[in-house]
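The block underneath contains the structure these notes are about, expressed in structure tokens.
Chains as they are written, first to last, in the working numbering: chain A, 1 to 277; chain B, 1001 to 1387.
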């Protein structure tokens, strides 16, 4: 397929490239800094390509001083658990609200909308007090539990399920499926686009979340990646920005890799939900 | 005992009365078409019989079992949906197998991994596969079993939906406009196939459609519904030739039946334009009536012949027949006449003609729409009113 290279197209591409460059600049600079020696970082000259490559040293420092494995493992466990709970809870809930008729449906819908409006920052203090008195601070529970019910997930699945034809569910009922059977055998297999879209939002948000882990975790053993970085900066690295950037690079790498692997899904998910990242 | 009896079923959504007490009996192996315009409640009735919606009152008994309080899964009814409602993530074969798997396998045996290790399930699965293959072969879709619904045409999907409904040999067959998503050619072909399948299966069938031609051509009996009431339930010929209600007469038949509003004269006769007609039985003088006649029972003669003077407005040539749209000179009512092409020779728009009805085909309906069995005869029509 050949495309004519018109002036309009050239302008469009230039603008897009410029935009991409602006958004990518901090990340590119991070990659660059991760390869610079201490002295070069603090010189007044600014070069993108390090004069001397210190990648090995910086990565060695990052791995040596921080338990990167623990951080990444915590990130995977926390994000994974949050995502699984969110989906397991939100899908039946959204199905009931989208396809079953019951008295409190409107009230529940109103509550979901209300829930969407309340940010975690508003509830964090009472949640903190509660976890503290339950002696659950510094645990996976404290990191996962507040996010296990996601009104956003319910809302997203609700919209998706509403678009599913009623006849499909009627056919399943006539074929002898229970309501749970319908969810497992008809809804979930056809909801993968919605589930992947939600997975992207959920995992990205919780992998990068610093706010909540900072509140409930003070023990390095339960630190999620961003929190680990914070500890690293405060305690170990000090002003060793080379090592710090190397550590940051390692932590952002899983998401970048995931994005590159599932680029198409990402875009699908974002266009499907009509939301921007 | 009838195979299916629906007794006085009512349903309303708020102030909106969808079904106003529908009663209907189907004999074993009977094919009943529920026909009516959109919103007449025919689909709601079907859903109530299926158990997908609850009735406000009334009873549904099928094969001696009271279904009224049973959930859809326990009613042993199968349904074909307008959208076919095939599971998009399963192949045609898997779609057809679902009702059998749900019935024959236990919930443990249906589990993905554990289920395939349980004893006894292998034979059941083999049996299901055999039944699916047989069914697919009998509907000539055996080459499609590995395809997903997205890769099939409308006609193929419709067959898969039929196969899924028939495979478990239900006690009652429900079809909700299964042909309306097919193109015109395929639809006529599929009519014959469904009738064929129905005859082979011998299961009582309720078939919902808004297409009166479909209802007349397929069903043993046709139930005409209007705004929540069952107006008439009878054989197609009776529905067409002897409608019990003006709405039935208007709904059935193409082109639409000709109607002329009139009033019974003081002497009991009926004036129709320049003609006076004598009813068989006495009609109450002064009451409003509607006289109706189908277009094929009218013919066109030259001016001056005894009949109703009219002008031709428009002609439609349909190949085997010609539809002539005319306007009566005396009362300005439109009259549609269906003629054989040979009879329509020499007719052009604007030409003054005489319309001659076949007297025994005139029907009279009262002000409430009900048929009055006092049909007019043409023999007494040959009397000019007011000179």
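Glycine included, each C-beta is placed from N, C-alpha and C at the ideal position.
Just so it is clear, the structure is predicted and the values come from calculations on it, not from any experiment.
What is the residue span of the beta strand (DSSP E) that residue 1225 (chain B) lies within?
Taking the first residue of the second chain as 1, we reach residue 1225 (chain B) at position 225. 1221-1226 is the span of the beta strand (DSSP E), which, as asked, contains residue 1225 (chain B).
Sub-7 Å separation of residue 1295 (chain B) and residue 1255 (chain B) beta-carbons
Within the second chain, residue 1295 (chain B) is the residue found at index 295, counting from 1. Within the second chain, residue 1255 (chain B) is the residue found at index 255, counting from 1. Yes, they are a contact pair.
Nearest CA to the CA of residue 285 (chain A): which residue from A:225, A:11, A:168 and A:9?
Here chain A has residues from 1 to 277 only, and residue 285 (chain A) is not among them.
Tell me the start and end of each unbroken beta strand (DSSP E) in the region 1180-1223 of chain B that is at least 3 residues and wholly inside, in chain order.
1205-1209
Helix, strand or coil for residue 1126 (chain B) per DSSP?
As a first step, residue 1126 (chain B) is located in the second chain; it is residue number 126 there, counting from the start. Residue 1126 (chain B) falls in the helix class under three-state DSSP.
Taking the straight line between their C-alpha atoms, what separation do you get for residue 1204 (chain B) and residue 1025 (chain B)?
Position 204 of the second chain, counting from 1, holds the residue named residue 1204 (chain B). Position 25 of the second chain, counting from 1, holds the residue named residue 1025 (chain B). Residue 1204 (chain B) and residue 1025 (chain B) have their alpha carbons spaced roughly 10 Å apart.
Does residue 53 (chain A) come out as helix, strand or coil in the three-state DSSP assignment?
Within the first chain, residue 53 (chain A) is the residue found at index 53, counting from 1. Three-state DSSP puts residue 53 (chain A) in coil, outside helix and strand.
Are residue 194 (chain A) and residue 160 (chain A) closer than 7 Å when you measure CB to CB?
Counting from 1 along the first chain, the entry for residue 194 (chain A) is found at position 194. Counting from 1 along the first chain, the entry for residue 160 (chain A) is found at position 160. In contact: residue 194 (chain A) and residue 160 (chain A) (Cβ atoms closer than 7 Å).
Please tell me whether residue 1083 (chain B) has its Cβ less than 7 Å away from any Cβ of chain A.
As a working mapping, residue 1083 (chain B) is identified with position 83 in the second chain. Chain A contact via Cβ: present.
Confirm, please, whether the CB-CB distance from residue 1357 (chain B) to residue 1303 (chain B) is below 7 Å.
Here residue 1303 (chain B) refers to the residue found at position 303 when the second chain is read from its first residue. Here residue 1357 (chain B) refers to the residue found at position 357 when the second chain is read from its first residue. No, the pair does not count as a contact, with Cβ atoms beyond the cut-off.
Roughly how far, in whole angstroms, is the beta-carbon of residue 173 (chain A) from the beta-carbon of residue 1215 (chain B), given that I think they are within contact range, below 8 Å?
Here residue 173 (chain A) corresponds to residue number 173 of the first chain, with the count starting at 1. Here residue 1215 (chain B) corresponds to residue number 215 of the second chain, with the count starting at 1. Residue 173 (chain A) to residue 1215 (chain B), Cβ: 27 Å. No contact.
Sequence-distant residues of its chain with Cβ nearer than 8 Å to residue 1327 (chain B) (five each side left out):
Residue 1327 (chain B) sits at position 327 when you count from the first residue of the second chain. The answer, listed in chain order, is 1310, 1311, 1313, 1333, 1334 and 1335.
Within 7 Å of chain B by C-beta, residues of the region 168-186 of chain A in sequence order
168, 170, 171, 173, 174, 175, 176, 177 and 186
Look at residue 1016 (chain B) and residue 1058 (chain B) and say whether their C-beta atoms are less than 7 Å apart.
Counting from 1 along the second chain, the entry for residue 1016 (chain B) is found at position 16. Counting from 1 along the second chain, the entry for residue 1058 (chain B) is found at position 58. Their beta carbons are not under 7 Å apart, which means residue 1016 (chain B) does not touch residue 1058 (chain B) by this criterion.
Within the continuous alpha helix (DSSP H) that includes residue 99 (chain A), where are the two ends?
By one-based count along the first chain, residue 99 (chain A) stands at place 99. It spans 68-99 - the alpha helix (DSSP H) in which residue 99 (chain A) sits, taken as one unbroken run.
Return the residue from the list B:1034, B:1227, B:1261 and B:1279 that minimises the CA-CA distance to residue 1269 (chain B).
Counting from one through the second chain, the residue named residue 1269 (chain B) turns up at place 269. Checking every option, the nearest Cα to that of residue 1269 (chain B) belongs to B:1279.
My guess is that residue 30 (chain A) and residue 248 (chain A) are in contact by the Cβ rule of under 8 Å, so how many angstroms apart are they, rounded?
The residue you call residue 30 (chain A) lines up with position 30 of the first chain. The residue you call residue 248 (chain A) lines up with position 248 of the first chain. Residue 30 (chain A) to residue 248 (chain A), Cβ: 6 Å. Contact.
Under 7 Å, Cβ to Cβ, is there at least one residue of chain B near residue 276 (chain A)?
On the first chain, position 276 is the one that residue 276 (chain A) refers to. Note that residue 276 (chain A) has pLDDT 42, beneath the 50 cutoff, so the model's placement of it is unreliable and no number is given.
Below 8 Å on the Cβ atoms is my contact criterion, and I expect residue 124 (chain A) with residue 212 (chain A) to pass it. Report the Cβ-Cβ distance as a whole number of Å.
Indexing the first chain from 1 puts residue 124 (chain A) at position 124. Indexing the first chain from 1 puts residue 212 (chain A) at position 212. Contact between residue 124 (chain A) and residue 212 (chain A) holds: their C-beta atoms lie close to 7 Å from each other, under 8 Å.
Should residue 1177 (chain B) and residue 1208 (chain B) be called a contact, given that it needs their Cβ atoms to be closer than 7 Å?
Against the second chain, residue 1177 (chain B) aligns to sequence position 177. Against the second chain, residue 1208 (chain B) aligns to sequence position 208. For residue 1177 (chain B) and residue 1208 (chain B), yes; Cβs fall inside 7 Å.
By the criterion of Cβ-Cβ separation under 8 Å, what are the contact partners of residue 1157 (chain B) in chain A?
If you number the second chain from 1, residue 1157 (chain B) lands on position 157. Per Cβ cutoff of 8 Å: no residues; residue 1157 (chain B) is ~12 Å from chain A at best.
Between the alpha carbons of residue 997 (chain B) and residue 1098 (chain B), how many angstroms are there, rounded?
There is no way to answer for residue 997 (chain B), as the model of chain B reaches only from 1001 to 1387.
Endpoints, beta strand (DSSP E) assigned at residue 1140 (chain B)
Taking the first residue of the second chain as position 1, residue 1140 (chain B) is located at position 140. No beta strand (DSSP E) contains residue 1140 (chain B), which DSSP labels as neither H nor E.
Report yes or no: do three or more beta-carbon pairs, one from the region 226-233 of chain A and one from the region 60-71 of chain A, lie closer than 8 Å?
yes
Per-residue burial, residue 1373 (chain B) [other beta carbons within 10 Å of its own, 16 or more giving buried]:
Counted from its first residue, the second chain places residue 1373 (chain B) at position 373. The residue is exposed, with fewer than 16 neighbouring Cβ atoms inside 10 Å.
Is residue 1168 (chain B) buried or exposed, if buried means 16 or more other CB atoms sit within 10 Å of its CB?
Residue numbering aside, residue 1168 (chain B) sits at position 168 when the second chain is read from its first letter. That one is buried.
Through-space distance from residue 185 (chain A) to residue 1152 (chain B), alpha-carbon basis:
Within the second chain, residue 1152 (chain B) is the residue found at index 152, counting from 1. Within the first chain, residue 185 (chain A) is the residue found at index 185, counting from 1. Their backbone Cα atoms lie some 21 Å apart in a straight line.
Under the three-state DSSP convention, the category residue 1378 (chain B) falls into
Locating residue 1378 (chain B) in the second chain gives position 378, counting from the first residue. Unreliable positioning characterises residue 1378 (chain B) in this predicted model, as indicated by a pLDDT of 48, which lies under 50. The coordinate reading is nonetheless provided below. Collapsing the DSSP output to three states places residue 1378 (chain B) in a helix.
What three-state label does DSSP hand residue 1267 (chain B) in the structure shown?
Stepping through the second chain from its first residue, residue 1267 (chain B) is reached at position 267. It is coil, neither helix nor strand.
Three-way DSSP call (helix, strand, coil) for residue 1352 (chain B) in this model:
To locate residue 1352 (chain B), count along the second chain from 1; it is residue 352. DSSP places residue 1352 (chain B) in strand when its eight states are reduced to three.
From the beta carbon of residue 165 (chain A), is the nearest beta carbon of chain B less than 7 Å away?
Counting from 1 along the first chain, the entry for residue 165 (chain A) is found at position 165. Residue 165 (chain A) counts as touching chain B.
Pick from A:96, A:268, A:155 and A:113: whose alpha carbon is nearest that of residue 183 (chain A)?
Numbered from 1 along the first chain, position 183 holds the residue referred to as residue 183 (chain A). Of A:96, A:268, A:155 and A:113, the residue nearest in Cα terms is A:96.
Against chain B, with Cβ distances strictly below 7 Å, would residue 313 (chain A) count as a contact?
Not covered by the structure: residue 313 (chain A). The range shown for chain A is 1 to 277.
Residues of chain A with CB under 8 Å from residue 1203 (chain B), in chain order?
Taking the second chain and counting its residues from 1, one reaches residue 1203 (chain B) at position 203. Going along chain A, no residue has its Cβ under 8 Å from residue 1203 (chain B), so there is no contact; the nearest lies around 14 Å.
Can you tell me whether residue 242 (chain A) is helix, strand or coil according to DSSP?
Counted from its first residue, the first chain places residue 242 (chain A) at position 242. Helix.
Taking Cβ-Cβ distances shorter than 8 Å, what residues in chain A pair up with residue 1207 (chain B)?
Here residue 1207 (chain B) is taken as the residue at index 207 of the second chain, counted from 1. What residue 1207 (chain B) touches in chain A: nothing, since even the nearest Cβ is about 16 Å away.
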